[in-house]
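One structure below.
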Amino acid sequence: MDTFTLDPRCWRIGRIFGRNPLLRRSDRVEALVAVFALIVSLASIPVAGVIGAVVYSARESGYLAQAHERHPVMGTITDVQADGSSPTVLANWPVAAGMRSGPVPPGTAAKVGTRVRIWVDADGNTVAPPTPPWRAMFDGIGSAMVTLLLVVIGVSSLVSAVRSRLGRAREEQWELALRCLQDDEGRKHQS
């Protein structure tokens, strides 16, 4: 039967400050790097939250400004020119100073005389439809997740590089100790 005990000497922090004579300096450095990585990872969570909130706020105000500045009008298709891979649709639409005409994005109904919805700005120029404000939430969440992912990748790379280097150093120490043991044929030096 296994028992569960909370023994701080078994924790990574215990390896850093422990008095076990079998712990090498490289073991202590490796434990210190692991604890540092954990602290940085945990500290990055609120930072990512703040970044997500800032992105959300900026995008939401931008999307609301788009919705305020752009509005739909009904226009009439006057001509359809199919000279390239995509047809050019020309239409007339009303503005405050009279009528305006020009190219509009092609829609499903591209016949002359068809009425279509056209998004225009305050000057009556055609624009893309405004981005819905709910997209700001996904932009904020996405930027927070990307921030967390970058921190985790960076910290993981650091831990991996340190472990690799310390592993090589340990192997070199073992090789040296085994060569000394082999050269002495298993005997200790006598002074």
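In terms of my numbering, the sequence shown has 1350 at position 2, counting the first letter as 1, and numbering is strictly consecutive.
All residues carry an ideal CB built from backbone N, CA and C; glycine is no exception.
Quick caveat, the model's predicted, so the values are computed rather than measured.
At a Cβ-Cβ threshold of 9 Å, I1425 and V1464 count as neighbours. Excluding sequence positions up to five before and after S1389, its CB lies within less than 7 Å of the CB of V1499, V1500, V1503, all in the same chain and listed in chain order.
Assignment of T1436 by DSSP, reduced to helix, strand and coil, places it in the strand class.
Under the DSSP definition of a beta bridge, S1508 lacks any partner.
Taking the Cβ atoms as the reference, V1437 lies roughly 5 Å from V1452, within the contact range of under 8 Å.
Taking T1479 as the centre and dropping the five residues before and after it, the same chain places the C-beta of Y1411, Q1414 closer than 7 Å to its C-beta, in chain order. Exposed is the label assigned to R1372, since fewer than 16 other Cβ atoms lie within 10 Å of its Cβ. For the pair A1470 and V1403, the Cα-to-Cα distance works out to about 27 Å. Judged by their CB atoms, A1385 and L1514 are not nearer to each other than the 9 Å cut-off. Contact check for I1387 against T1495 fails: the beta carbons are separated by 9 Å or more. In terms of CA proximity to A1379, R1511 leads the group R1511, A1492, S1449. Just so you know, the alpha carbons of M1422 and S1449 end up roughly 12 Å apart.
Nearest in C-alpha terms to V1443, of all of D1431, S1433, P1420, is P1420.
Straight-line spacing of the CA atoms in V1383 and E1520 works out to 25 Å. The three-state secondary structure of P1394, taken from DSSP, is helix. Classified as buried, G1488 has 16 or more neighbouring CB atoms from the shown chains inside 10 Å of its CB. With distances taken between CA atoms, P1481 lies nearest to H1416 out of S1374, V1395, H1416.
In chain order, Y1404 place their CB closer than 7 Å to the CB of M1485, counting only its own chain and leaving out the 5 sequence neighbours on each side.
Along the region 1465–1512, the beta strand (DSSP E) does not occur as any fully enclosed run of 3 or more residues. Following the DSSP letters along the chain, one finds G1461 in no beta strand (DSSP E), marked with neither H nor E.
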